[in-house]
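Below is one structure, written out as structure tokens; the observations come after it.
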Amino acid sequence: MRAAPVRVQRRDPGRRRRLRDRQGAHLSRTRGRGPRVAGIDPGTVSFEICALDGGLPLLEESFPSEKLGADPTPLVDALRAYAPFDLVLGPAGYGLPLVPAADVGERELALMVLKRVDEPEARAGIAGMRSIVRAMIGAGTPLVFGPGAIHLPTVPDHRKWNRIDLGTADKVASAAHGIVDQAERLGIPYEETRFVLLELGGGFSAALAVDSGQIVDGFGGSAGPIGARACGALDAEAAYLIGGALSKRTVFSGGALDPDGDLDLGVPGALERLRAEPSARDGWLALEEGAVKAVLALTASVPAPREVLVAGRLASTPGLLDALAERLGSVAPVRPALAVKSAARGAALLADGLEGGSYAPLVARLRLREARGGVLDHLRMYGAERIELG
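When the letters of the sequence shown are read in order and numbered with the numbering used here, they come out as residues 267 to 656.
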């Protein structure tokens, strides 16, 4: 199941939809004059890929995550068809501080997926994530794995205490896309962008605070509001009582709309039907209220956001944006992100910037090259020292 047909560059630049860098440079460069790059968003429901050539759209494609976990070949082949690439920002899970493929070993793979040593691979998160990454590395793809919010120096250390998931690497990419989106629409430089990003995916809900064009705080999907499929932040007492039964499956369950993971929310019309289902009313209310609470909490870190940008699979659900806008009217206007596949597009923009393309000022503003540390570095609670990754 593929969400959109492959987009190939047209020869007539006048017919192209031009992407612009709000720092002043047009991104509609002729082919071959800028880097050829790609970005990948490893979603719970689907993997999205976006490729750019000199800032121009080259490819957008979607793959069901479950099928890709069993056989990564379609993703590898999709990239190979447009090779050679200068850089691909790979699927990094919880994130790495800009680590190239050559430096990725078992420890780095473990930090991407955060699986306990005692849990079988097939039951942990996005099944086959390691296999997908290994297949891409094995194919010679020029990969680099980007940071999560917790790796960024723009998030103060005290906001990282006892946190792992302030926003995964794909959420950082989605925020990068939001910065470009707001800068373009409002005609302002990156350093004047200011918003809260709500990422309402098919599995998790997350929120990031952006102030002065930099990520300053966040609630990642496993530490934030209730999601469509995932429970969000766990009550510590619930985690204690679940005890030995607590697993990665727990993290991916208990959501507002699909608590057992039985529904295929990627099927066309699935969300529209679910929105109209009377039995799902409380689920939608829980999801909406959780998202609103996350935005309100993040106004402690970005006191006067220009907008609340909503991205992710659920963003296009009829009536959802209106419901959020009604609740958040006193905070800021609520707008959909420029693209549904904002994380994949954002990852491609970051790859372009890392290769010295027109989005280099975006990478510099985010201080991406200064990413440091690991996702386990800020845990202060009893027992954290005994964590073993497998």
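Note that beta-carbon positions come from the ideal geometry of N, C-alpha and C, so glycine has one too. Since the model is a prediction, treat every value here as computed from it, not as a measurement.
### Task
Measure the alpha-carbon distance for residue 583 versus residue 590 and round it to whole angstroms.
Position 317 of the sequence shown holds residue 583. Position 324 of the sequence shown holds residue 590. About 12 Å.
### Query
CB residue 383 to CB residue 654, shorter than 7 Å?
Your numbering for residue 383 matches position 117 in the sequence shown. Your numbering for residue 654 matches position 388 in the sequence shown. Taking 7 Å as the Cβ cut-off, residue 383 and residue 654 qualify as a contacting pair.
### Task
Return the CA-CA distance between residue 531 and residue 629, expressed in angstroms with no decimal places.
Here residue 531 corresponds to residue number 265 of the sequence shown, with the count starting at 1. Here residue 629 corresponds to residue number 363 of the sequence shown, with the count starting at 1. Roughly 33 Å separates the two Cα atoms.
### Message
Pull the bridge partners of residue 484 from the DSSP assignment, please.
### Response
Taking the sequence shown and counting its residues from 1, one reaches residue 484 at position 218. According to DSSP, which records beta bridges pairwise, residue 484 is partnered with 474.
### Span separating the alpha-carbon of residue 327 from that of residue 648
Counting from one through the sequence shown, the residue named residue 327 turns up at place 61. Counting from one through the sequence shown, the residue named residue 648 turns up at place 382. If you take the alpha carbons of residue 327 and residue 648, they lie about 44 Å apart.
### Task
May I ask which residues mark the beginning and end of the beta strand (DSSP E) holding residue 323?
Residue 323 sits at position 57 when you count from the first residue of the sequence shown. Here the beta strand (DSSP E) through residue 323 covers 322 to 330.
### Message
Which of the three DSSP states is assigned to residue 317 in this structure?
### Response
Along the sequence shown, one-based indexing puts residue 317 at 51. Looking at residue 317 - three-state DSSP - the assignment turns out to be strand.
#### Entry: Residues that residue 306 bridges to, as DSSP identifies them
As a working note, residue 306 is residue 40 in the sequence shown. The partner list for residue 306 (beta bridge, DSSP) reads 315.
### Message
Quick check on residue 575: does DSSP put it in helix, strand or coil?
### Response
For the purposes of this step, residue 575 is taken as residue 309 along the sequence shown, with counting starting at 1. Residue state, collapsed to three classes: strand.
### Query
Just reading off the alpha helix (DSSP H) that residue 396 is part of, what are its end residues?
Residue numbering aside, residue 396 sits at position 130 when the sequence shown is read from its first letter. Counting along the chain, the alpha helix (DSSP H) containing residue 396 begins and ends at 395 to 404.
### Length of the line joining the Cα atoms of residue 447 and residue 459
Here residue 447 is taken as the residue at index 181 of the sequence shown, counted from 1. Here residue 459 is taken as the residue at index 193 of the sequence shown, counted from 1. The alpha-carbon atoms of residue 447 and residue 459 are separated by roughly 9 Å.
### Message
Within the continuous beta strand (DSSP E) that includes residue 602, where are the two ends?
### Response
For the purposes of this step, residue 602 is taken as the residue at position 336 of the sequence shown. Note, residue 602: beta strand (DSSP E), 600 to 602.
### Task
Would you mind sorting residue 638 into buried or exposed? The rule is 16 or more other CB atoms within 10 Å of its CB.
In the sequence shown, counting from the first residue as 1, residue 638 sits at position 372. Result: exposed.
#### Entry: Buried or exposed (CB count within 10 angstroms, at least 16 for buried), residue 550
The count along the sequence shown starts at 1 and reaches residue 550 at position 284. Buried, since its Cβ has 16 or more Cβ neighbours within 10 Å.
### Task
Determine the direct distance from the alpha carbon of residue 561 to that of residue 514, and round the result to whole angstroms.
What you label residue 514 is simply residue 248 of the sequence shown in a count that begins at 1. What you label residue 561 is simply residue 295 of the sequence shown in a count that begins at 1. Approximately 26 Å between the Cα atoms of the pair.
### Message
Taking its Cβ as the centre, do 16 or more other Cβ atoms sit within 10 Å of residue 566, making it buried, or is it exposed?
### Response
Here residue 566 refers to the residue found at position 300 when the sequence shown is read from its first residue. Exposed, by the Cβ-count rule.
### Completely contained beta strand (DSSP E) runs for the region 336 to 396, where each covers 3 or more residues
353 to 355
### Query
Given that a residue counts as buried once 16 or more other Cβ atoms are within 10 Å of its Cβ, and exposed if not, what is residue 524?
Here the question's residue 524 lines up with position 258 in the sequence shown. It counts as buried.
### Query
Taking the alpha-carbon positions, what's the residue 422 to residue 544 distance?
For the purposes of this step, residue 422 is taken as residue 156 along the sequence shown, with counting starting at 1. For the purposes of this step, residue 544 is taken as residue 278 along the sequence shown, with counting starting at 1. Cα to Cα, residue 422 sits roughly 43 Å from residue 544.
### Query
In three-state terms, what does DSSP make of residue 276?
Walking along the sequence shown from the start, residue 276 turns up at place 10. In this prediction, residue 276 scores a pLDDT of 29, lower than 50, which makes its location untrustworthy; the coordinate-derived value is nonetheless stated afterwards. Reduced to three states, the DSSP call for residue 276 is coil.
### Query
Could you give the uninterrupted runs of the alpha helix (DSSP H) lying entirely in the region 504 to 552, keeping only those of 4 residues or more?
514 to 517, 536 to 542
### Query
Thinking C-beta only, is residue 419 closer than 7 Å to residue 633?
Position 367 of the sequence shown holds residue 633. Position 153 of the sequence shown holds residue 419. In this structure, residue 419 lies closer than 7 Å to residue 633 by Cβ.
#### Entry: Own chain, CB closer than 7 Å to residue 336, minus 5 neighbours either side, in chain order
In the sequence shown, residue 336 corresponds to position 70, counting from 1. Cβ neighbours of residue 336 beyond the five flanking positions: 394.
### Query
So residue 607 packs on residue 307, CB below 8 Å; how close in whole Å?
Looking up residue 607 in the sequence shown gives position 341. Looking up residue 307 in the sequence shown gives position 41. Yes, residue 607 and residue 307 are in contact; Cβ-Cβ is about 7 Å, under 8 Å.
### Message
Here's a check: name, in chain order, each residue in its chain whose Cβ is nearer than 7 Å to the Cβ of residue 408, leaving out the five neighbours to either side.
### Response
In the sequence shown, the residue the question calls residue 408 occupies position 142. Cβ neighbours of residue 408 beyond the five flanking positions: 351, 352, 353, 354.
### Query
At what residues does the alpha helix (DSSP H) containing residue 450 begin and finish?
Sequence index remark: in the sequence shown, residue 450 carries index 184 (1-based). It spans 435 to 452 - the alpha helix (DSSP H) in which residue 450 sits, taken as one unbroken run.
### Task
Check residue 425 in the structure and name its three-state DSSP category.
Stepping through the sequence shown from its first residue, residue 425 is reached at position 159. Helix at residue 425.
### Task
Under the assumption that residue 248 contacts residue 609 (Cβ atoms under 8 Å), give the Cβ distance between them as a whole number of angstroms.
With the chain running from 267 to 656 in the structure shown, residue 248 is simply not present.
### Query
Tell me, which residues are paired with residue 460 by DSSP?
For the purposes of this step, residue 460 is taken as the residue at position 194 of the sequence shown. Answer by DSSP bridge pairing, in chain order: 477.
### Query
Between residue 505 and the rest of its own chain, which residues show a CB-CB distance below 7 Å, the 5 nearest in sequence each way excluded?
For the purposes of this step, residue 505 is taken as residue 239 along the sequence shown, with counting starting at 1. The residues are 512.
### C-alpha gap between residue 274 and residue 348, whole angstroms
One-based indexing of the sequence shown puts residue 274 at position 8. One-based indexing of the sequence shown puts residue 348 at position 82. Residue placement at residue 274 is flagged as unreliable, the pLDDT there being 28, under the threshold of 50; the coordinate-derived value follows with that caveat. If you take the alpha carbons of residue 274 and residue 348, they lie about 10 Å apart.
### Query
Which one or two residues does DSSP pair with residue 729 in a beta bridge?
Lying outside 267 to 656, the shown extent of the chain, residue 729 is not represented and no answer is given.
### Query
In terms of residues, what are the limits of the alpha helix (DSSP H) holding residue 410?
Position 144 of the sequence shown holds residue 410. Element bounds for residue 410: not the alpha helix (DSSP H) but the beta strand (DSSP E), 409 to 411.
### Query
Given 8 Å as the limit, is there contact between the region 454 to 471 and the region 569 to 581, that is, 3 or more CB pairs closer than that?
yes
### Query
Near residue 470, which residues of its chain fall below 6 Å by C-beta distance, leaving aside the five closest residues on each side in sequence?
Position 204 of the sequence shown, counting from 1, holds the residue named residue 470. Same-chain partners within the cutoff: 487, 493, 496.
### Query
CB-CB under 8 Å to residue 397, same chain, minus the five flanking residues each way: which ones, in chain order?
What you label residue 397 is simply residue 131 of the sequence shown in a count that begins at 1. Excluding residues within five positions, the ones whose Cβ falls inside 8 Å are 335, 338.
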